[in-house]
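Residue numbers (the working numbering), protein chains in the order written: chain A, 4 to 221; chain B, 4 to 221; chain C, 2 to 234; chain D, 2 to 234. Here a beta-carbon is modelled for each residue, glycine too, at the ideal position from N, C-alpha and C. Only a predicted model underlies this, so the values are computations on that prediction, with no experimental measurement involved. Okay, structure first, notes after.
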């Protein structure tokens, strides 16, 4: 069965390693924090100027001066720090953040990503995404494998305006874990109960399938 | 009589206006702070990261963590702030400092200045001087009109490696106050008892003398 | 000590005119200069260009200027929370330049610092790079971005003093420090205007040299956009 | 919270090798990483390049490495207080690149920030501009300067915690914050290593993400170069 959004987040959480500084995008990526192992040390960076984000505040303890990049009220953990936007992007462009997890509307087989604009229709802006994808050495995309019409979002070439080129390293979708290599999507894992054929069907770009493809462990 | 170093500083202090942020170079410029009128508000910036410098500390109250750009122990005044070197030069390059006062080995009639190197002999470095002269809109040079051999230091063209081009606006020497205009040194004031001829004699570059030249008031 | 205090928001906004370019601090509704924005609405300055990470919500923050059609052009990184904004943009009434958030911050910082231009990898290969120079450094492509030019910067700090020194709180800091000194005139409104000498010189985020006018702000609403809480277990 | 604490200067300097490039904080002798410098002397690493605003005095600070001829090249803005330095430079034993102080700070900052290059007016028309691209912005000439590349940055802070967060004091701050995260590995020595959570998150000058190793420094001498005092009247 295809993964829920929570399960996508849960699977991505396994990619978060001890000692990582992690930037989480809005949407599914935000949920990743809930599933990271408790026995490792991980710091979450928010590009609006917070390092060491903690959980949401208890009711009545919310502070309008303390939000994350999704404008949600948050708390901080001991060892946290606040800083201005220029310094925040020094962390990002300067490759001090170890892992970036973000959503996508489309990804192409060469690692291009589109997630900020649908011409003439939806124009929310790129926020920090262009800085993140241009700078991060380690980018994981959390996304649905297909759109509501059932069309693949893993393409030979993106149709929407790009956010960054040649930058995505890994995708965790509701159907599969995929690595980007050799200008192709390489299938690493299947969602529990999802067949290789279903994934092939849902992937427009070139899909590499080598040997037995294991089911994900959540 | 030619001015003493203290008197040069005293004359320059008259150029310091209410509301100015001022950067003082090492040597004579440092002395300027002692002569600024007490009824105006002036803040001294030191490029090693201090705004709001005060007088030297009382004996026994010196702090090795609190020095000026000449490495002298200092104090700060109420409203002072400390900052890093990059921010310090943001103030300087960003034209937030209103007046820069510094020394020179040579100045040429087009406003070039040389004050950091004598090839093969003296190489101390430019420190912050190149940033200051390239950025400041208002630069006053404090200098001796001639060197120890009696040769002019106000030249048609500098012989020493330059610190900056086309940047000096005014010179206060031991002999005169001079403005740089029309690729020339324009004589504004004479040191008390110093004749126009003496100044002409001591100036290699093109000297403009218009009308009666008043004596400086100190 | 040079005194930057003005009597209030009206004196602070003197000189504001139609067709000017403004920088406004804040991320979402956090750390926005509420008093200055209200005054810009009251003054009814028209055809202004606003450099601000976001555009407020429909009825708060820059949304108030949008409602009155005072804004000719927005330079922002994310405008997703404002339906009126999206409508004006898609209909062509509003000119919008969307740029990467880090580039926005750095173009402010560059203006503050007298750095006319710098290279960044953000946006290479995208619409953002169109018409801009690109260049390879260390095997990676970068684009040349230029410092902003603006007439006024409006920022909001937590604490300040008459010297113009500023201290920010939490994530309300965001773009505010980067915009100080990045425009011809910087106006700072503060929640608490303290006597000079109270702030620790080691702990000042923005030295007063970057600020031309400072005043004690009033009636902060500090609206929360996305209230997210957890239950006590 | 990611723990950056190491046992002391020896562990902090692990991986230091001959021919590496180091950044060292400090202005004159103020805010220099005394413990790390002493360890570099003890380790006797040779042929190193040092990026540091000054070169210490004859027998203190970087002067100690100069005395032992460990330094192949210095990149500094001002070296006037060190006779041995001047001798080695004029005799050609030491390679010296003198650059404007603001450019030095900004090249550190650029390295920290992932900005590969930027334009500055400093040095245009001088020796410093030789071999560099120049370009006009707003009617004024600027030169293109590049981010530094270094193996280690050694910095000294006043207070710090296990997360690597740093707070500096007075003018001992200087280049130290700009060098954090500007090299492959940043080593911070602090006068006071505090438990995590003690430092106010609003008042941290350098967040721990820019620091790889932190340790409690020992026996700070904090030598004063120019003791200037006034008499009590």
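- Proximity of residue 89 of chain C to chain B, defined by a Cβ-Cβ separation below 9 Å, is not satisfied.
- Looking at the backbone, the Cα of residue 82 of chain C and that of residue 23 of chain B are separated by about 43 Å.
- For residue 191 of chain D, no CB of chain C lies under 9 Å from its own CB, so it is not counted at the interface with that chain.
- Within chain C, the C-beta atoms nearer than 7 Å to that of residue 60 of chain A come from 230, in chain order.
- At least one CB of chain A lies nearer than 9 Å to the CB of residue 211 of chain D.
- By the CB criterion at 9 Å, residue 120 of chain C and residue 117 of chain D fall inside the cutoff.
- Residues of the region 172 to 190 of chain C with a C-beta atom less than 8 Å from some C-beta of chain A are 172, 173, 174, 175, 176, 177, 178 and 179, listed in chain order.
- Residue burial annotation: residue 174 of chain C is buried, with at least 16 other C-beta atoms found within 10 angstroms of its C-beta.
- Going by DSSP, residue 104 of chain A is part of the beta strand (DSSP E) stretching over 102 to 106.
- Per the DSSP secondary-structure output, residue 26 of chain B pairs in a beta bridge with B:48 and B:103.
- The closest CA to that of residue 172 of chain C, considering only A:108, A:194, A:50 and A:163, is found on A:50.
- It is roughly 16 Å from the alpha-carbon of residue 175 of chain B to the alpha-carbon of residue 20 of chain B.
- Within chain C, the C-beta atoms nearer than 7 Å to that of residue 55 of chain B come from 2, in chain order.
- The three-state reading of DSSP puts residue 33 of chain A in helix, counting H, G and I together.
- Between residue 11 of chain D and the set D:203, D:37, D:86 and D:160, the nearest pair of CA atoms involves D:37.
- Of the candidates C:190, C:149, C:134 and C:50, the residue whose Cα lies closest to the Cα of residue 143 of chain C is C:134.
- By the CB criterion at 9 Å, residue 5 of chain D and residue 183 of chain D fall outside the cutoff.
- Contact with chain A is found for residue 227 of chain C, since one of that chain's Cβ atoms lies less than 9 Å from the residue's Cβ.
- If you check each beta-carbon in the region 104 to 134 of chain C against every beta-carbon of chain D, the ones closer than 8 Å belong to 107, 111, 114, 115, 116, 117, 118, 119, 120, 121 and 122.
- Taken through DSSP and simplified to helix, strand or coil, residue 142 of chain C comes out as strand.
- Taking the Cα positions, residue 62 of chain A is about 13 Å away from residue 75 of chain A.
- Of all residues in the region 93 to 111 of chain B, the ones placed with a Cβ closer than 7 Å to any Cβ belonging to chain C are 93, 94, 96, 97, 98 and 99, in chain order.
- Membership of residue 90 of chain C in any beta strand (DSSP E) is not indicated; the residue belongs instead to the alpha helix (DSSP H) covering 84 to 91.
- Leaving aside the five residues that flank residue 162 of chain A on each side, the residues in its chain whose CB is nearer than 8 Å to its CB run, in chain order, 109 and 117.
- Residue nearest to residue 90 of chain C within the set A:124, A:113, A:64 and A:195 is A:124 (criterion: CA-CA distance).
- DSSP places residue 104 of chain C in the helix class (H, G or I) of the three-state scheme.
- Under the rule that a run must span 4 or more residues, the alpha helix (DSSP H) segments found entirely inside the region 33 to 92 of chain D read 35 to 44, 64 to 68 and 84 to 92.
- Distance between residue 192 of chain D and residue 14 of chain D, taken at the CA atoms: about 17 Å.
- Below 8 Å, too few C-beta pairs join the region 183 to 190 of chain B and the region 39 to 48 of chain B to call them touching: fewer than three.
- With respect to the C-alpha of residue 21 of chain C, the residue from C:44, C:204 and C:51 having the closest C-alpha is C:51.
- In this structure, residue 114 of chain A sits near residue 183 of chain A, with a CB-CB distance shorter than 9 Å.
- Taking a cut-off of 8 Å for Cβ pairs, the region 197 to 215 of chain C and the region 153 to 169 of chain C touch, as three or more such pairs fall below it.
- With the rule of 3 Cβ pairs closer than 8 Å, the region 212 to 226 of chain D counts as touching the region 28 to 42 of chain D.
- Not a single C-beta of chain B is nearer than 9 Å to the C-beta of residue 16 of chain C.
- For the C-beta of residue 85 of chain B, the chain C residues within less than 8 Å are, from N- to C-terminus, 202, 203 and 205.
- Taking 9 Å as the cut-off, the beta carbon of residue 55 of chain A is found closer than this to the beta carbon of residue 81 of chain A.
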